[in-house]
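To start, the structure under review is shown below, and the notes come after it.
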Amino acid sequence: MHYGPVPSQSEVTWTFTIDGATADGDAHVFSMADLLALPTVSEVADMHCATHWTAVDQQWSGVRAADVLALAPPAADAPVALVYAEFGYAANVPVVDLQASTSLLATQCGGEPLTAERGAPMRLVIPHLYTWKGPKWVRGWSYLRDGDAAQGFWEKRGYHQRGAVWQGERYAYQD
Ligand SMILES: Nc1nc2c(c(=O)[nH]1)N[C@H]1C(S)=C(S)[C@@H](COP(=O)(O)O)O[C@H]1N2
Ligand SMILES: [Mo]
């Protein structure tokens with residue numbers, strides 16, 4: 398379930414960019430091979446959409462978001478990443494949530510490569526946040542400093558900055 402069309406893209410030309418308020422001030426561009434050189438991890442997680450449906454026991458494989466973050470860490474005063482995908486979809490995600498050991502940049506679901514519909518070649522999976530925080534067709538993230546105005550697709554439309562499932566953080570008025 399998503400907003401807009403399903404992109405067709407090749408892993409050969411696909412890149413993952415980390416920019417914005419990086420620790421060294423530079424933008425860093427990674428290939429799929431760069432990211433897949435990191436340790437592979439798998440986990441089983443439920444998906445919670447903020448519109449009240451849940452899909453249980455999805456088995457994801459990929460690399461840890463924390464390991465990717467460590468390749469191009471944020472500046473000390475940049476607590477949030479705007480994680481973005483093809484076609485302008487994006488979500489604000491706190492850096493601490495990207496660093497959780499259960500947060501994956503997934504390339505597989507159920508032991509198979511992601512289908513185009515499910516986000517090929519890579520999607521962000523953060524089991525403890527609502528699923529709108531997990532862009533399919535992810536292409537990178539930009540670190541934001543406190544007070545930076547940029548906002549993700551749903552955050553601009555009144556949804557929560559963090560979106561923790563068990564705290565029920567759906568809407569901005571709960572911030
Ligand atoms: N690029 C992109 N990623 C997205 C979305 C989207 O609209 N565009 N929707 C999010 C929302 S709200 C949900 S619930 C899940 C749905 O994931 P699924 O299609 O694998 O069920 O994708 C998330 N990732
Ligand atoms: Mo959703």
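Throughout, the numbering used here is defined as the position within the sequence shown, counted from one, plus 397.
We put the CB at the ideal spot given by N, CA and C, even for glycine.
Just so you know, these numbers come straight off a predicted model, no measurement behind them.
Ordered along the chain, which non-local residues of its own chain (more than five positions away) have a Cβ less than 6 Å from that of residue i?
{"i": "residue 539", "result": "416, 417, 479"}
{"i": "residue 505", "result": "458"}
{"i": "residue 522", "result": "457, 501, 503, 531"}
{"i": "residue 560", "result": "526, 527, 530, 566"}
What residues in its chain sit with their C-beta under 7 Å from that of residue i, if we drop five residues either side in the sequence?
{"i": "residue 428", "result": "412"}
{"i": "residue 493", "result": "none"}
{"i": "residue 533", "result": "399, 482, 515, 516, 520"}
Between the options, which has its C-alpha nearest residue i's C-alpha?
{"i": "residue 487", "options": "530, 562, 572, 465", "result": "530"}
{"i": "residue 542", "options": "490, 553, 554, 434", "result": "490"}
{"i": "residue 556", "options": "571, 547, 544", "result": "571"}
{"i": "residue 481", "options": "567, 449, 421, 536", "result": "536"}
{"i": "residue 475", "options": "402, 420, 551", "result": "420"}
{"i": "residue 410", "options": "426, 525, 533, 453", "result": "426"}
{"i": "residue 398", "options": "424, 408, 567, 514", "result": "514"}
{"i": "residue 473", "options": "560, 559, 422", "result": "422"}
{"i": "residue 485", "options": "407, 547, 566, 439", "result": "547"}
{"i": "residue 508", "options": "544, 407, 438, 401", "result": "438"}
{"i": "residue 435", "options": "568, 550, 468", "result": "468"}
{"i": "residue 424", "options": "455, 402, 471", "result": "471"}
{"i": "residue 564", "options": "447, 551, 550, 404", "result": "447"}
{"i": "residue 403", "options": "454, 442, 511", "result": "511"}
Identify, in the order they occur along the chain, each residue of the same chain with its Cβ nearer than 8 Å to the Cβ of residue i, setting aside the five sequence neighbours on each side.
{"i": "residue 496", "result": "462, 463, 466"}
{"i": "residue 432", "result": "413, 460, 465, 502, 519"}
{"i": "residue 445", "result": "451, 527, 528, 562"}
{"i": "residue 498", "result": "461, 463"}
According to DSSP, residue i sits in a beta bridge with which residue or residues?
{"i": "residue 413", "result": "427"}
{"i": "residue 590", "result": "Given that the chain is displayed from residue 398 to residue 572, the structure contains no residue 590 and the question cannot be resolved."}
{"i": "residue 511", "result": "Note: residue 511 sits in no beta bridge, so no partner."}
{"i": "residue 445", "result": "451"}
{"i": "residue 437", "result": "460"}
{"i": "residue 505", "result": "458, 510"}
{"i": "residue 490", "result": "478"}
{"i": "residue 471", "result": "419"}
{"i": "residue 520", "result": "503"}
{"i": "residue 400", "result": "The partner list for residue 400 (beta bridge, DSSP) is empty, contrary to what the question assumes."}
Pick out every residue whose C-beta is nearer than 6 Å to a heavy atom of ligand 1: which are they, in chain order? Here the list is 398, 399, 400, 446, 482, 486, 515, 528, 529, 531, 532, 533, 534.
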